[in-house]
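Okay, so here's the structure we're looking at.
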Amino acid sequence: MRVGSPEPGKRAPSIADSQGDPFHAADGRHGRGADHAMSVSMSGRLVDSAARASQAALLGPRRPRPHKIWKKKYIKVLIVGDSGLGKTTLVKTLLSTPGERLQVHDGTFTPAAHNMIRDYIDGENNKWLTLESARDRSIDLAEVEDPRVDVCLFALPPHRLRHIDLRYMHELGRSVPIIPVITKADTMTIREAQNYKQEVFNRLQNPNIHGVRGKINVFSFDKDTLERAGMGEAAGTQAPPFLVIASNDVNEDMNSLDVPVFWPERRYPWGTAEAFNPEHSDLLFLRALLLKEALEDICKDKRQRYEVWRRRALGGARIGRRLRGFVASTVLPVAAALWFAQNNFDVEKSKEQLRSAARRVGLTGRGGKGQQQGGGKAKGKGKAAEAAPPPPPAPVVVEAPAPKKRGWF
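For the sequence shown, the numbering used here begins at 298 and goes up steadily by one.
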């Protein structure tokens, strides 16, 4: 972020002054309008013109494609963070193009409910499992929008890292890799930002809080991938967290060029903070990684993570069936034998009692049936049979006249 008041009648210098090249320094240190093969210096390493052209393409009207044979690729990013950190603005700034204003809903309020988010991730995996195992599926899965979550952007507040954030990232990292981003980086000085970034990096490796063991599952970018994104060698070992600036205000001068450039910025009385200026924010690097350079690595990690989840989900039902069979064939008979032994239960005596009861029931049933059959035969042959007793006579009801009333009652 630049600090300094502009001269009377002039506006504060910005990257738009560099003849439409958003990657020339505003103060002219690298030569205004000069055609340099090596242009921007970051972290002691020069980024060549090919990387600069690749970064410029990210901010143009057309979305980048990783290679020529790439047809269609989906990436699903989950954004989690405290309220008021600018998550909605971050999404708009990260994914919008010139002339397009991305519409983002307000999101879901999930206070300290990491289980709800993990259930959502598992639910999306179940959708894909149902889709790939459907018998009546008539479309290639490569053409279907993948519902599975690829990565999670976790928004951290500036200045202070809380224990609840570390615990939340640790629990959520069990289901999806985390990419921590420090929002509102323009509210910190250069030294504060660097110290805070180093502190967050160290705590991600060693949270040092009760109940959390091991480092947090942060997505690991390859060193070559980070260099292709323009971050340089110094950032290759500790890329996350990213210091980002997001804004809903767009530089209209950059947007009205022959080749429009999406250039969000935040203007202050003392200067301008530009979201895609590498000297102010890491948002351009994050956009390059998510949309181009690391896209295939992120999707590959998602597929490997899904296979592990799939084996666990399908193996759980199989193990449950085997466990029930083992209990029914082994544990229950042993438990029954122990109970019989402890209660002096005579098995042979019980079997004999059951046989006797069965014989008595059988004899009773056969006797009744024989009597009925015998009665039927006697009637068929004309033999005399005992007559059924006559029904009792119906009671005779005699109505007697009511006595005459006497007196005045």
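Just so it is clear, CB atoms sit at the ideal spot from N, CA and C, and this is done for glycine as well.
Residue i by DSSP, collapsed to three states: which one?
i, result
"residue 375", "strand"
"residue 446", "coil"
"residue 497", "helix"
"residue 632", "helix"
"residue 582", "helix"
"residue 509", "coil"
"residue 547", "strand"
"residue 515", "strand"
"residue 420", "helix"
"residue 595", "helix"
"residue 441", "coil"
"residue 600", "helix"
"residue 428", "helix"
"residue 460", "helix"
"residue 647", "helix"
"residue 612", "helix"
Which same chain residues, not among the five before or five after residue i, have their C-beta less than 6 Å away from its C-beta?
i, result
"residue 501", "513 and 515"
"residue 590", "522, 525 and 526"
"residue 474", "448, 514 and 516"
"residue 460", "506"
"residue 678", "For residue 678, the pLDDT reaches just 47, beneath the cut-off of 50, and the residue's location in the model is therefore unreliable, although a value from the coordinates is still provided. For residue 678, where only same-chain residues beyond five positions count, there are no Cβ hits under 6 Å."
"residue 387", "543"
With DSSP as the reference, identify every bridge partner of residue i, one or two as the case may be.
i, result
"residue 568", "565"
"residue 477", "451"
"residue 539", "478"
Take residue i as the anchor and find which of the options has the nearest alpha-carbon.
i, options, result
"residue 744", "584, 574, 650 and 461", "Past the boundaries of the shown model lies residue 744; the chain is included only from 298 to 706, so the question cannot be answered."
"residue 543", "389, 379 and 645", "389"
"residue 546", "607, 573 and 539", "573"
"residue 444", "649, 599 and 538", "599"
"residue 466", "558, 596, 419 and 412", "412"
"residue 457", "476, 434, 435 and 481", "481"
"residue 580", "608, 560, 594 and 650", "560"
"residue 479", "356, 384, 576 and 653", "384"
"residue 451", "463, 441 and 633", "463"
"residue 553", "489, 578, 395 and 632", "395"
"residue 538", "497, 440 and 608", "497"
"residue 486", "476, 578, 612 and 504", "578"
"residue 391", "656, 376 and 381", "376"
Here's a check: name, in chain order, each residue in its chain whose Cβ is nearer than 8 Å to the Cβ of residue i, leaving out the five neighbours to either side.
i, result
"residue 438", "428 and 429"
"residue 415", "468, 469, 471 and 472"
"residue 654", "none"
"residue 508", "464"
"residue 425", "443, 444, 445 and 603"
"residue 594", "518, 519 and 522"
Who are the Cβ neighbours of residue i in its own chain at under 7 Å, not counting the five residues just before and after it?
i, result
"residue 518", "536, 586 and 591"
"residue 422", "445, 603 and 606"
"residue 528", "536 and 582"
"residue 484", "455"
Let me check you understand the geometry: is the CB of residue i closer than 7 Å to at least one non-hydrogen atom of the ligand GTP?
i, result
"residue 597", "This structure lacks the ligand GTP, and indeed carries no ligand of any kind."
Say whether the region 572–588 touches the region 596–615, bearing in mind that this needs 3 or more beta-carbon pairs closer than 8 Å, one atom from each stretch. Touching, no, given that fewer than three Cβ pairs across the two stretches are closer than 8 Å.
Looking at C-beta atoms only, is the number of pairs between the region 484–503 and the region 562–569 that lie closer than 8 Å three or more? Taking 8 Å as the limit for Cβ pairs, the verdict is that the region 562–569 does not touch the region 484–503.
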